[in-house]
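Residue 628 is where the sequence shown starts when you use our numbering, and the numbers rise one by one after that.
The beta carbon of each residue, even a glycine, is placed where N, CA and C say it ideally should be.
Computed from a prediction, not measured in an experiment: that's the story for all the values here.
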Amino acid sequence: MLALLGFIVGAVLGSFIKTLTDRILRQDSLGGRSRCPHCSHPLAALDLIPLLSFIFLQGRCRHCHKNIGLEYLLVEVVMGVLIAYLFIQYVPQTMDLSTAGGGWISSFQLLFKIFLISVLVALALADLKKMLIPDRIVLPAILISTVYLLILAGSIDIQLLIPNFLSAFVIWLFFMAIILVTGGKGMGGGDAKLGVLIGLSVGFPLSLLSIMLSFFLGAGVALILVALRKRRFGQTLPFGPFMVSSTIISLFWGYSIIDWYLKLSF
628 MLALLGFIVG AVLGSFIKTL TDRILRQDSL GGRSRCPHCS HPLAALDLIP LLSFIFLQGR
688 CRHCHKNIGL EYLLVEVVMG VLIAYLFIQY VPQTMDLSTA GGGWISSFQL LFKIFLISVL
748 VALALADLKK MLIPDRIVLP AILISTVYLL ILAGSIDIQL LIPNFLSAFV IWLFFMAIIL
808 VTGGKGMGGG DAKLGVLIGL SVGFPLSLLS IMLSFFLGAG VALILVALRK RRFGQTLPFG
868 PFMVSSTIIS LFWGYSIIDW YLKLSF
């Protein structure tokens with residue numbers, strides 16, 4: 628039941644994220660009704676039901692009958708799966724009144740993780756489409772993450788802020804160093820801002836794991852694409868999706884990965 632509820636919530640968020648990201652990339656107003664990307668006809672409420680509308684309309688606009696692509700479906704499914712897994716992991720903790728704060732802290736953390744995953748997916752989508760980390764998404768997310776940390780630390784221990792802010796600063800310095808050394812060819816300022824968001828939101832050691840994993844994932848995918856002759860050496864790949872994927876992996880399984888590595892090493 629939790630998984631189904633989480634999937635529905637995630638699918639709805641996925642539809643919203645896709646629409647919001649497209650509008651930001653087109654520099655459109657964030658208000659107003661959704662429209663077909665081809666004929667610009669306003670979409671009815673039935674056309675906006677996640678997953679079901681895509682299936683019933685066979686991925687086409689009801690009015691011009693042009694294919695709207697698989698992006699909406701893929702984003703809705705990915706978000707559905709991620710939020711379903713998040714619900715399975717964290718919702719039982721929110722109902723445990725014996726925990727510190729009577730469960731409200733766990734609820735607050737769950738809401739923030741839903742927000743964080745939504746933002747990360749939006750940033751990955753934007754980077755894949757336009758090789759861009761939009762300030763209109765990442766900067767408000769950094770601000771909200773900071774407010775979240777201040778509220779959470781004020782309820783538990785203000786010293787909990789130190790690893791998160793230190794992680795954000797170190798990651799920012801790391802990416803800025805790469806930008807300076809490569810002249811901006813290896814990384815962009817958007818990647819540095821995304822790194823700050825990751826450092827703030829997941830802290831140490833998960834943010835360090837996220838950055839390390841992102842480089843491994845990026846290198847692995849680049850080698851595969853070169854081997855398949857889809858890319859040449861030296862061609863740029865958007866790095867944001869690798870940072871996002873690694874951060875989500877760290878959120879769900881980060882400490883298990885760290886424990887496994889430490890046991891393997893020692």
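Beta carbon of residue i nearer than 8 Å to that of residue j
| i | j | result |
| --- | --- | --- |
| Ile875 | Leu747 | yes |
| Leu836 | Ile885 | yes |
| Phe802 | Met814 | yes |
| Leu776 | Leu759 | no |
| Ser877 | Val829 | yes |
| Gly810 | Val708 | no |
| Asp681 | Tyr699 | Looking at the sequence provided, one finds Phe at residue 681 rather than Asp. Cβ distance < 8 Å, so Phe681 and Tyr699 count as in contact. |
| Arg687 | Ile695 | yes |
| Leu844 | Ser873 | yes |
Alpha-carbon spacing of residue i relative to residue j, whole angstroms
| i | j | result |
| --- | --- | --- |
| Phe899 | Thr773 | Lying before the first or after the last residue shown, residue 899 is absent from the chain, which here runs from 628 to 893. |
| Phe831 | Phe866 | 21 Å |
| Thr863 | Leu629 | 40 Å |
| Phe879 | Val871 | 13 Å |
| Leu652 | Tyr888 | 40 Å |
| Gly658 | Ala751 | 22 Å |
| Ala780 | Ile732 | 11 Å |
| Lys890 | Gly847 | 24 Å |
| Pro761 | Asp655 | 13 Å |
| Ala749 | Ser892 | 36 Å |
| Ser794 | Ile676 | 39 Å |
| Lys857 | Ser734 | 44 Å |
| Pro767 | Ser661 | 23 Å |
| Leu755 | Ala804 | 24 Å |
| Thr648 | Ala753 | 6 Å |
| Leu833 | Leu850 | 26 Å |
| Pro719 | Ser745 | 21 Å |
| Gly685 | Arg650 | According to the sequence as given, residue 685 is Gln; it is not Gly. Looking at the two C-alpha atoms, the distance is approximately 23 Å. |
| Tyr717 | Phe842 | 29 Å |
| Lys757 | Ile771 | 25 Å |
| Gln736 | Lys812 | 37 Å |
Burial state of residue i (16 or more Cβ within 10 Å)
| i | result |
| --- | --- |
| Phe839 | Just to set this straight, residue 839 is Met in the shown sequence, not Phe. Label assigned to Met839: exposed. |
| Thr769 | In the sequence on display, residue 769 carries Ile and not Thr. Buried: at least 16 other Cβ atoms inside 10 Å. |
| Val765 | buried |
| Ala819 | buried |
| Phe869 | buried |
| Tyr882 | exposed |
| Ile825 | buried |
| Leu640 | buried |
| Gly816 | exposed |
| Leu632 | exposed |
| Phe860 | exposed |
| Phe634 | buried |
| Leu827 | buried |
| Leu807 | exposed |
| Leu679 | exposed |
| Leu855 | exposed |
| Leu800 | exposed |
If you pair each beta-carbon of the stretch 739-759 with each one of the stretch 705-717, do three or more pairs fall below 8 Å?
-> yes
Should the stretch 699-710 be regarded as contacting the stretch 630-647, the criterion being three or more beta carbon pairs within less than 8 Å?
-> yes
Pick out the complete alpha helix (DSSP H) segments inside the stretch 717-767, 4 residues or longer, and give them in chain order.
-> 731-757
Complete alpha helix (DSSP H) runs within the stretch 794-878 (minimum length 4 residues, chain order) | 816-829 and 833-854
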